[in-house]
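Each remark here refers to the structure printed beneath this line.
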Amino acid sequence: MRNIVKLIVQALHPAFPDHEIYTEALPQGFKEPCFSIVQIDSHAQEYPSKRIYMENHFDIRFFPGQERPRAKCRTMAEKLLFRLRELPGLRGRDIEWQVTDDILHFFVTYARFIYGMQDTEIMGNLHTVQEVKP
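Per our numbering, the very first residue in the sequence shown carries number 12; after that it's consecutive.
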């Protein structure tokens, strides 16, 4: 299974190398501007052939700092739209954002099929015996 959080970090880091990216809890006294990636929830639905459809909902939070925070949030939302709508092997959907208390909340859902392990042996050994007739 791919680590979607790692893919998000890989998409953000080259574009914003001077912004810290947190994937766990924000440390006390963190430095702005920065990102915080939070997985809100996941849903799994079983399909035939041991396939599982997974939906993963994320909130990528952007802390802009003190100077013109709402303008920075609006600008960042547009940049994130193009950066996070496609990750390697994944396409984001249900993308929306909102600015609350001068913090950008960028919501995106990544969905994919994962495959369970096979219980049965797919292929066995075949032995043949050949004889030559005189």
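A virtual CB, placed ideally from N, CA and C, is assigned to each residue, including glycine. In this text the structure is predicted, and so the values were computed from the model without any measurement.
- The C-beta separation of TRP108 from PHE118 comes to about 7 Å, placing the pair in contact by the 8 Å criterion.
- LEU101 has LEU98 as its beta-bridge partners, per DSSP.
- Taking C-alpha positions only, TYR64 is separated from GLU57 by approximately 6 Å.
- In this structure, HIS116 and ASP52 do not form a Cβ contact; the two beta carbons are roughly 15 Å apart against a cut-off of 8 Å.
- Taking C-alpha positions only, ARG79 is separated from LEU101 by approximately 33 Å.
- For ALA55, there is no enclosing alpha helix (DSSP H); the enclosing beta strand (DSSP E) has its first and last residue at 45-58.
- Here the alpha carbons of SER60 and VAL20 stand approximately 32 Å from one another.
- Only buried fits LEU23, as 16 or more other CB atoms lie within 10 angstroms of its CB.
- The three-state reading of DSSP puts ALA26 in coil, since its state is none of H, G, I, E or B.
- With respect to GLU35, CYS45 sits apart: the two C-beta atoms are not nearer than 7 Å.
- Put simply, of GLU89, ALA26, LYS83 and VAL140 the residue whose alpha carbon is nearest the alpha carbon of GLU43 is LYS83.
- Counting the other CB atoms within 10 Å of its CB gives ILE48 a total of 16 or more, which places it among the buried residues.
- Linking ILE125 to ARG62 through their CA atoms gives a straight-line distance of about 6 Å.
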